[in-house]
Structure formats: C-alpha cells, structure tokens
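**Q** Numbering (the UniProt record's numbering), first residue to last: 1 to 345.
A virtual CB, placed ideally from N, CA and C, is assigned to each residue, including glycine.
All values reported here derive from a predicted model rather than from experimental measurement.
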C-alpha cells in the first residue's frame, strides 16, 4: 500500500499514534495533545497521510464504503464523459486506489459499524477491513458481538493462530496473481474451532483469520495478497496491548490483556478495571510503572462518580448510562450500589 495515494482509515482515531510516528511526526511527539503540538487524533492539517479528523468509535467502515462508492461513481462519470459506455456497470470496478479501514473489537460493536457491514454488499471493489482484536477496550465490551469475540478468543491458543496463519498463506497464490480462486480453497482448508467466519460470511464478506497480529512477516504476505482482491474482505488479527512491555501483560489491574503463552487461551479478558487506556502521566522504571500524578490529588472523574452516587441515594429517578466506559466515567461504585439503574450499552 502507498498511503499517499491509498486510503487508510483509523476507527476511534487515537490508535493512530504509531501511524503518526512513522509518517513524519516523530520529532513532534513530545508535544502530543499540548497547545501548539500535534493532535491526539488523525488531522489532515498535519499530514497528507491523515484523511479525516476523527475521534468517535464506529465510523471507519462506513467512511470506507462512502469513499469506495464515491470512487466508483467518479470512474463511471469519467467513462461517460469519454463516451465509453461499453463496460457493464454491474461488473467489478477497476481499482484506482486501495482502501484499508482498521477497527477494534470494541468499535465494531457500534451501531454505525453494524449498518456499514450490512451495506458492504454495495461495494464491488477492493476494501480491506482489519479487525484488530486485543480484547482491550476502555472498559469491558458488552453485548452479543462482544460475547462472540470472547468465545473465539478463548477457543484459540497461540499454536492455533500460527496454524491458521500458515494455512492461509499456503493457499494464497503467488503475489501479483488474482486471489479470487484461492478463497474457496482457503475456506475449505481452515477448520475453525468455532465458526468464526460464519457471521461475516453470512453477510457475503470474505473472512480471513483469526491470525497472529504480531507475526509481521506473515502479515505482510497476507496484506500483499489481500490487496489484490476486487471485493471487500475482513482480516481478523489477534494482538496484545503493549506487546513487548510486560506491565500490560502481567498486571491485570493495569490492563485488560494478560500475557501470551502457548498453553493459555489467546488473550482472554481479565476482570480488572483497565487503567492502561488513556493513562495520566506515569514513569517507566524497567518493567514497572509508577504514577507521576500529584499525591493525594483526586481526579474530576472520581469526584463526579462519588457525587452522582450520593445523589442517586436520594433520588431514585437517577439512571447512569455509559458506553463501555464504566471505570473511565467514575461509575464503578454507582454500578455496585444501583445495578438496576446502571446501563452499559
């Protein structure tokens, strides 16, 4: 992919930090989210590699569809202007650029994401959705889709991931050739422990995975092959938050994804509250994390949650609603005290 020409969309937005570092903004990173510094989200004013200012979850797939259909219409209009009406408008539209949308396992449960998946059939050209599954949302992801992904994770060991990745690569044709004919062979060759592909396949979206998101060599081969598809596809990758830095894996109270071993289910979620997402200042000493916050200072979130709980004691009409951010919005105690008035959507 050449992302000066091809389109790279980040769902949520703040997962673009590494993207910013490798697209010319490394020297500006010390001023991230500070006055006069770079944004914590994609920003076209900063770089040609950023397409939109985006900060909400669930928008990447829908935006990608809009870009794909817009490109189709542009090509059709150009052909009409050139009086070239011989092409069947129902056939695949040749790719002029490629589109990749990266979405997390929490973002894909958004209503907008569901609507977009339901409309992917409108697209008759390349569009790759990378589902980055690290079981690490701001807080526990809820709902049927979250339970589905949890079952897939718990059914997979690291060896299962490696085996699946190898099977996919073995059945891919030589890079540069069409991979259309390989899809059916791939489907038949990979035996899923759970029918991980059925949900997407029922929407007529070819599904590849789950694969090891930290096997860079294998991922490069997969991306090179999938880039040649002439229709949408989903690549489901398992990753570990903070891979290579032990506290995210060794301290469940700090982060949601435990360490990776070949004997354990792959990346199961812990019950501890996630503290590694959007942290305050902290210091890294070797493999330990120390808070750099002022001792005794309370956050706005803590004060808000405490007072909302006190108000709820006196007023039974108060209901708390959060979107997978119980801890991040200070509602843990409210949830414990007033479970019948707490809704995590």
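Write down every uninterrupted run of the beta strand (DSSP E) in the region 54-127 whose length is 3 residues or greater and which is fully enclosed by it, in chain order.
**A** 99-104
**Q** Contact defined as beta carbons within less than 8 angstroms: I believe residue 342 pairs with residue 308. What is the distance between those atoms, to the nearest angstrom?
**A** Locating residue 342 in the chain shown gives position 342, counting from the first residue. Locating residue 308 in the chain shown gives position 308, counting from the first residue. That pair is no contact at about 11 angstroms.
**Q** Please confirm whether residue 205 and residue 122 have their CB atoms less than 8 angstroms apart.
**A** Position 205 of the chain shown, counted from the start, is the residue given in the question as residue 205. Position 122 of the chain shown, counted from the start, is the residue given in the question as residue 122. Cβ atoms of residue 205 and residue 122: not closer than 8 angstroms.
**Q** Let me know the beta strand (DSSP E) ranges lying completely inside the region 192-235, each 3 residues or longer, listed in chain order.
**A** 207-212
**Q** Cα-Cα, which of 330, 331, 11 is closest to residue 129?
**A** Numbered from 1 along the chain shown, position 129 holds the residue referred to as residue 129. Among 330, 331, 11, the Cα nearest to that of residue 129 is on 11.
**Q** Give me the Cα-Cα distance between residue 339 and residue 14, rounded to the nearest whole angstrom.
**A** Position 339 of the chain shown, counted from the start, is the residue given in the question as residue 339. Position 14 of the chain shown, counted from the start, is the residue given in the question as residue 14. Each residue's alpha carbon lies about 31 angstroms from the other.
**Q** Taking residue 111 as the reference, which of 229, 323, 82, 37 has the closest Cα?
**A** For the purposes of this step, residue 111 is taken as the residue at position 111 of the chain shown. The option with the nearest alpha carbon to residue 111 is 323.
**Q** Run the CB neighbour count on residue 321, radius 10 Å, all protein chains shown included, and call it buried at 16 or more, exposed below.
**A** As a first step, residue 321 is located in the chain shown; it is residue number 321 there, counting from the start. So residue 321 counts as exposed.
**Q** According to DSSP, simplified to helix, strand and coil, what is residue 49?
**A** Locating residue 49 in the chain shown gives position 49, counting from the first residue. Three-state DSSP puts residue 49 in coil, outside helix and strand.
**Q** Taking buried to mean at least 16 other C-beta atoms within 10 Å of its own C-beta, is residue 41 buried or exposed?
**A** Looking up residue 41 in the chain shown gives position 41. In this structure residue 41 is buried. Its beta-carbon is surrounded by 16 or more other beta-carbon atoms within 10 angstroms.
**Q** Give me the Cα-Cα distance between residue 351 and residue 51, rounded to the nearest whole angstrom.
**A** The requested residue 351 is not part of the displayed model; the chain covers only 1 to 345.
**Q** For residue 304, I'd like the list of residues in its chain whose CB is within less than 8 angstroms of its CB, leaving aside the five on either flank, ordered along the chain.
**A** Indexing the chain shown from 1 puts residue 304 at position 304. Around residue 304: 329, 330.
**Q** Look at the Cβ atom of residue 132, then the Cβ atom of residue 6, and state whether they are nearer than 8 angstroms.
**A** As a working mapping, residue 132 is identified with position 132 in the chain shown. As a working mapping, residue 6 is identified with position 6 in the chain shown. No, they are not a contact pair.
**Q** Leaving out five residues on either side along the sequence, give the residues of the same chain with a beta carbon under 6 angstroms from the beta carbon of residue 140.
**A** Counting from one through the chain shown, the residue named residue 140 turns up at place 140. Residue placement at residue 140 is poorly supported in this model, since its pLDDT is 49, which falls under 50; the coordinates are not used for a value here.
**Q** Between the Cα of residue 229 and the Cα atoms of 302, 215, 124, 300, which residue gives the shortest distance?
**A** For the purposes of this step, residue 229 is taken as residue 229 along the chain shown, with counting starting at 1. It is 124.
**Q** Would you mind working out which of 56, 319, 345 sits nearest residue 104, comparing C-alpha positions?
**A** One-based indexing of the chain shown puts residue 104 at position 104. Among 56, 319, 345, the Cα nearest to that of residue 104 belongs to 56.
**Q** Under three-state DSSP, which class holds residue 324?
**A** For the purposes of this step, residue 324 is taken as the residue at position 324 of the chain shown. Residue state, collapsed to three classes: coil.
**Q** Taking C-alpha atoms, which residue in 227, 47, 70 lies nearest to residue 24?
**A** Residue mapping note: residue 24 aligns to position 24 of the chain shown, counting from 1. Ranking the options by Cα distance to residue 24, first place goes to 47.
**Q** With 8 angstroms as the threshold, decide whether the Cβ of residue 232 is near any Cβ in chain B.
**A** Looking for chain B here will not work: only one protein chain is present.
**Q** On the DSSP bridge list, what partners appear for residue 237?
**A** Indexing the chain shown from 1 puts residue 237 at position 237. Paired residues: 132, 211.
**Q** If I follow the unbroken beta strand (DSSP E) through residue 8, where does it start and stop?
**A** Taking the chain shown and counting its residues from 1, one reaches residue 8 at position 8. Membership of residue 8 in the beta strand (DSSP E) is indicated by the continuous run 7-10.
**Q** May I ask you to list the residues that DSSP assigns as paired with residue 344?
**A** For the purposes of this step, residue 344 is taken as the residue at position 344 of the chain shown. Bridge partners of residue 344: 322.
**Q** Taking the C-alpha atoms as reference points, what is the distance between residue 200 and residue 31?
**A** Locating residue 200 in the chain shown gives position 200, counting from the first residue. Locating residue 31 in the chain shown gives position 31, counting from the first residue. If I take the Cα positions, the gap works out to 41 angstroms.
**Q** Would you identify the three-state DSSP class for residue 244, choosing helix, strand or coil?
**A** Mapped onto the chain shown, residue 244 falls at position 244. Looking at residue 244 - three-state DSSP - the assignment turns out to be coil, as it is neither helix nor strand.
**Q** Buried or exposed for residue 327, going by 16 or more other Cβ atoms inside 10 Å?
**A** By 1-based counting over the chain shown, the position of residue 327 is 327. Answer is buried; the Cβ neighbour count reaches 16.
**Q** State the DSSP-derived secondary structure class of residue 22, mapped to helix, strand or coil.
**A** Here residue 22 refers to the residue found at position 22 when the chain shown is read from its first residue. Of the three classes helix, strand and coil, the one that applies to residue 22 here is helix, per DSSP.
**Q** For residue 114, which option in 75, 127, 81, 59 has the closest C-alpha, if you only look at C-alpha atoms?
**A** Here residue 114 corresponds to residue number 114 of the chain shown, with the count starting at 1. Closest option to residue 114, Cα to Cα, is 59.
**Q** How is residue 36 classed by DSSP in three states: helix, strand or coil?
**A** If you number the chain shown from 1, residue 36 lands on position 36. Three-state DSSP puts residue 36 in coil, outside helix and strand.
**Q** Could you round the C-beta distance between residue 222 and residue 233 to whole angstroms and report it? I think they count as a contact, below 8 angstroms.
**A** Here residue 222 refers to the residue found at position 222 of the chain shown. Here residue 233 refers to the residue found at position 233 of the chain shown. That pair is no contact at about 10 angstroms.
**Q** Report the residue from 67, 64, 9 whose alpha carbon sits nearest the alpha carbon of residue 43.
**A** In the chain shown, residue 43 corresponds to position 43, counting from 1. When only C-alpha atoms are compared, the closest one is 9.
**Q** Can you tell me whether residue 329 is helix, strand or coil according to DSSP?
**A** Within the chain shown, the letter at position 329 stands for residue 329. DSSP places residue 329 in coil when its eight states are reduced to three.
**Q** Could you spell out the range, first to last residue, of the alpha helix (DSSP H) harbouring residue 314?
**A** Along the chain shown, one-based indexing puts residue 314 at 314. Unbroken alpha helix (DSSP H) run through residue 314: 300-314.
**Q** Buried or exposed: which applies to residue 300, given that a residue is buried once 16 or more other Cβ atoms fall within 10 Å of its Cβ?
**A** Here residue 300 refers to the residue found at position 300 of the chain shown. Exposed: under 16 other Cβ atoms inside 10 Å.
**Q** Exposed or buried, what is residue 100 when buried is set at 16 or more other beta-carbons lying within 10 Å of its beta-carbon?
**A** Within the chain shown, numbered from 1, the residue matching residue 100 stands at position 100. By the neighbour-count rule (16 or more Cβ atoms within 10 Å), residue 100 is buried.
**Q** Please list, in chain order, all residues of the same chain as residue 217 whose beta carbon is under 8 angstroms from its beta carbon, the five residues on each side excluded.
**A** Taking the first residue of the chain shown as position 1, residue 217 is located at position 217. Within the same chain, residue 217 has no close Cβ partners at all.
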